[in-house]
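Remarks on the structure that follows.
There are 2 protein chains.
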Amino acid sequence: MVSVLGFYKDGSVNIWVRPIEGITVIVDLDKVAVVEYSDYEVLPLPKAMGTEYQAASEIKPPFPIPVKPITLVQPDGPSFKINGQQISWADWSFHAAFDVRAGLVISMASIFDMNKGKYRRVLYKGHLSEAFVPYMDPTEGWYYKTYFDGGEFGFGLSAVSLQPQKDCPPSAAFFDGHYADQYGNPVRIENGFLRVRTIVEVRKEVSLVLRMVIVVGNYDYITDWEFKRSGSIKVRVGLSGIIEARATHYTHEEQIKEDLYGTLVAENTIATNHDHYLTYYLDLDIDGEENSLVKTKMKTATSNGDTPRKSYWTVVRETVKNELDARMKLGGEPDYLVITNPNKMTKMGNKVGYRLLPSSPSTSLLLNDDYPQFRASFTKYQVWVTPYNRSEVWAGGLYADRSHGDDTLYTWTNSNRDIENKDIVLWHMVGFHHIPAQEDFPIMPTQVMGLS
Amino acid sequence: MVSVLGFYKDGSVNIWVRPIEGITVIVDLDKVAVVEYSDYEVLPLPKAMGTEYQAASEIKPPFPIPVKPITLVQPDGPSFKINGQQISWADWSFHAAFDVRAGLVISMASIFDMNKGKYRRVLYKGHLSEAFVPYMDPTEGWYYKTYFDGGEFGFGLSAVSLQPQKDCPPSAAFFDGHYADQYGNPVRIENGFLRVRTIVEVRKEVSLVLRMVIVVGNYDYITDWEFKRSGSIKVRVGLSGIIEARATHYTHEEQIKEDLYGTLVAENTIATNHDHYLTYYLDLDIDGEENSLVKTKMKTATSNGDTPRKSYWTVVRETVKNELDARMKLGGEPDYLVITNPNKMTKMGNKVGYRLLPSSPSTSLLLNDDYPQFRASFTKYQVWVTPYNRSEVWAGGLYADRSHGDDTLYTWTNSNRDIENKDIVLWHMVGFHHIPAQEDFPIMPTQVMGLS
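If you read the protein sequences in the order shown, they are chains A and B.
Heads up: the first sequence begins at 1 in full-length UniProt numbering, then just goes up one per residue.
Heads up: the second sequence begins at 1 in full-length UniProt numbering, then just goes up one per residue.
Here you go:
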């Protein structure tokens, strides 16, 4: 059974901006028949003026003040080496693969230790696990819009071909992605993902970026994995695309006296409030399989009175023992979250580890017993750690599209397994609450969130 | 009166890594005499092996795997235009100046509205106001290390010349900075700041970056103002440089049984825990002088039962009336902070405004009645809004070096003035707690924090 949405295709190349609102059509896909039809509200069709967005189309003035061309040049060619799906660049070496569900999968990422003369493992496997996108309109026609962009649509299935020189610099190399369609036929996504070198923010820092652009319906996710020479890895998602809009009678803010669950962004057009939560699966193997999560807190301490100084903060380190203690909402107490290898020490006796630098610490605001939230219970925390289990890959469950919430990261971690000095998986959610602004219409300026 | 620190200059070009610990020397600058000398502890001099960092020096192998050269090319030249200190690029136009205390000062930043055919003001004036850097070692010799890098040292006074091609791309242009030294003689900082175009993260997005690098003692602040074509402004600080270290008897972590207020990063070397808080002065004039701060909260709401959906979040907007309500710690409740012009509306009736996108929401953990915290009371919140007052520019007071805490952002805002629909100043603090890691020694990998 699927709910079919209607859009009027005339008047704009942008089909998303002319929704035919107020009709619900339920189709039984097995019977290929409409089983329910409800025409519950008559609403105008948005005019969709100025919503042209294709570069090929004729766009009319006025135009913004142009900038001159700019490009990256590598006179001696790129620094990366490719051997099949194996990529090496600077001190990094890793495997990059395409997966129909996860999209880009990075595995066996290791960094060369020039002093020891060998590679040391950092990440066994990392990829997007699930995304939850609930819309905040509880009315007929919208209440069920609580998408799982991974498990229901597929990040790899939704990947689009990258355009050389536009989505990436001239020296970029591209990989195709392959998958089997619903009839078993092979499908190729040309230039489905790529690797590219880019100059980033500070000084002459150069890093390697792997990019995949995923278009799920009206939304674009620009997903990047950046490998830095310092040894850090940065994972980013840029959100762009077209706001999901609802038709309305209103043409001006001052006419609106009720809650319409969004922002009036154009005549007869409400862009609906919503969230994006993206959960990453990060099977870290820092310098070996057995790792631990260490919560490093800063606590205000009082001085002993020997000096005029009354206070300072001191460091309290706590190795997290089990799954329930590893469930965390960030943004409250000051802390560092570090994944360490307790079995490997530096010459000075410090434990080898990587710190998680999160951004945009949002969690779901839906009630726990609301059905969509029950299915997306993995959005209640930003950090989770589980012992490696090959059947636990998809935070919203293996069969996310039909999930009743009984096979999720939340239910697995309820068994509260031991995670100290084990082969552990770090799950990290980045997310943001989106109250649309008028400038998000018709195309949203890219907003970036991520982790390092 | 100044406290003089001793460093042993032999054995490394890096003077900061060989502190002569355990001696306090107080000098009366008027009398040019030592007025206090205390030799309270005998500690070894760190050996400072491998702390060479100058490019010109002979650095020995092993070396990391190299990457090939990469550069930015603009075949038709840069897109910016310079007229004195006035810069225009794409739709942006603004004035950039050098100030001995604030460093880089951006003023009169306006963006061209192609539909109206005129520039619209965004920022009247913006710059760094103050930085507070408290070290977390309360003992003799360290307790007073609670620096005000702006008011005590001067961001402009500490600016260093930028190196073409290294600190910035080939098409960059440079400005000199000028100031009067303590004898009234003019001093020129060559290439003190610059403007540069750079490709940033996503797609073929090009933006204009103004950079100034500030070196205060051992620490480097790489400060950037980035103007985007979307109309947003991004302000960033990259922290790098050399960790402030303390000598110790210890050579291995396992020997340490007491709190040494830092991390053993090399033999006989403790890198001390500390914070960096940078407060920006942002006199926004969005489409006119009169602006308001609007706190836009997301609140969980319960549905009326017409559909199976039980909950959603709804938007509650609250215009902040006075200074005390505008003092905010971020990272708790989900909200958007928006500076609006309540007198200007879009065609749809939405108020014109800019949203503050903060990062790294840290606040000081020192006790309120601790003397350094009393002087740095402006570090207790990340957001403050004041009505414009020409004498209120420096968050730590005009005479920050001799401040007793009676002329600060905190004391001004205690008068709780009205800030609704006024010419207001937004003060925003970015900051981070730094527990040094062994890889921060001898030179810290750049960590970036900022706001948009």
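Backbone N, C-alpha and C define an ideal beta-carbon position, used for all residues, glycine too.
Counting contacts by CB-CB distance shorter than 7 Å, is residue i in contact with chain A?
i	result
B/Asp-220	no
B/Gln-74	yes
B/Ala-173	no
B/Met-212	no
B/Thr-300	yes
B/Glu-140	yes
B/Leu-365	yes
B/His-433	yes
B/Gln-182	no
B/Tyr-312	yes
Quick one: is residue i near chain B, going by C-beta distance under 7 Å?
i	result
A/Glu-41	no
A/His-127	no
A/Asp-252	One detail in the question is off: residue 252 of chain A reads as His in this sequence, not Asp. A/His-252 counts as touching chain B.
A/Ser-207	no
A/Tyr-143	yes
A/Pro-64	yes
A/Pro-46	no
A/Asn-14	no
For residue i, does the three-state DSSP call read helix, strand or coil?
i	result
B/Ser-17	Checking the sequence shown, residue 17 of chain B turns out to be Val, not Ser. If DSSP states are grouped into helix, strand and coil, B/Val-17 belongs with the helices.
A/Asp-10	coil
B/Phe-153	helix
A/Arg-309	coil
A/Thr-302	strand
B/Gln-255	helix
A/Gln-438	helix
A/Pro-445	strand
A/Pro-372	helix
B/Thr-411	helix
B/Arg-402	helix
B/Ala-326	helix
A/Ser-79	coil
B/Phe-63	coil
B/Ser-171	coil
B/Thr-198	Reliability fails at B/Thr-198, whose pLDDT of 42 lies under 50, so the model's placement of it is uncertain and the value that follows must be treated cautiously. Of the three classes helix, strand and coil, the one that applies to B/Thr-198 here is strand, per DSSP.
B/Ser-377	helix
A/Arg-203	The predicted model places A/Arg-203 with a pLDDT of 42, which falls under 50 and marks its position as unreliable; any figure quoted below should be read in that light. The answer is coil: DSSP assigns A/Arg-203 none of H, G, I, E or B.
Can you tell me whether residue i is buried or exposed, with buried defined as 16 or more other CB within 10 angstroms of its CB?
i	result
B/Gly-241	buried
B/Phe-175	buried
A/Asp-30	exposed
A/Ser-3	exposed
A/Met-136	buried
A/Pro-69	exposed
A/Phe-132	buried
B/Arg-188	exposed
A/Glu-201	Any reading at A/Glu-201 needs caution, since the residue's pLDDT is 33, under 50, leaving its predicted position unreliable; the model's value is listed next. Classification of A/Glu-201: buried, given that the 10 Å Cβ count is 16 or more.
B/Val-98	Correcting the residue type first, residue 98 of chain B is Phe in the shown sequence and not Val. Buried is the call here.
A/Met-328	buried
B/Leu-330	buried
Cβ closer than 7 Å: which chain E residues qualify as neighbours of residue i?
i	result
A/Gln-382	Protein chains in the displayed structure are A and B, and chain E is not among them.
What residue from the options has the CA that sits closest to residue i's CA?
i	options	result
A/Asp-287	A/Thr-307, A/Tyr-281, A/Pro-342, A/Tyr-37	A/Pro-342
B/Pro-160	B/Asp-401, B/Val-100, B/Gly-184	Rather than Pro, the amino acid found at residue 160 of chain B in this sequence is Val. Looking at the Cα atoms, B/Val-100 is the closest of the given residues.
B/Tyr-37	B/Gly-6, B/Glu-52, B/Pro-64, B/Asn-14	B/Gly-6
A/Thr-379	A/Tyr-388, A/Leu-367, A/Pro-64	A/Leu-367
B/Lys-116	B/Gly-156, B/Arg-355, B/Pro-44, B/Thr-346	B/Thr-346
B/Leu-278	B/His-95, B/Gln-85, B/Gly-22, B/Leu-451	B/Leu-451
A/Val-209	A/Gly-353, A/Tyr-410, A/Arg-355, A/Ala-90	A/Ala-90
residue 477 of chain B	B/Leu-45, B/Ile-222, B/Phe-112	In the structure as shown, chain B starts at 1 and stops at 452, and residue 477 of chain B therefore has no counterpart that could be examined.
A/Glu-226	A/Glu-52, A/His-127, A/Val-73, A/Tyr-143	A/His-127
A/Ile-106	A/Leu-284, A/Leu-409, A/Met-114	A/Leu-284
B/Arg-229	A/Gln-438, A/Lys-329, A/Val-67	A/Val-67
Would you list the residues sitting across from residue i in a DSSP beta bridge?
i	result
B/Glu-130	B/Thr-279
A/Asp-113	A/Lys-118
A/Met-429	A/Thr-279
B/Thr-340	B/Ser-292, B/Gly-353
B/Ala-266	B/Thr-269
A/Ser-107	A/His-95, A/Lys-125
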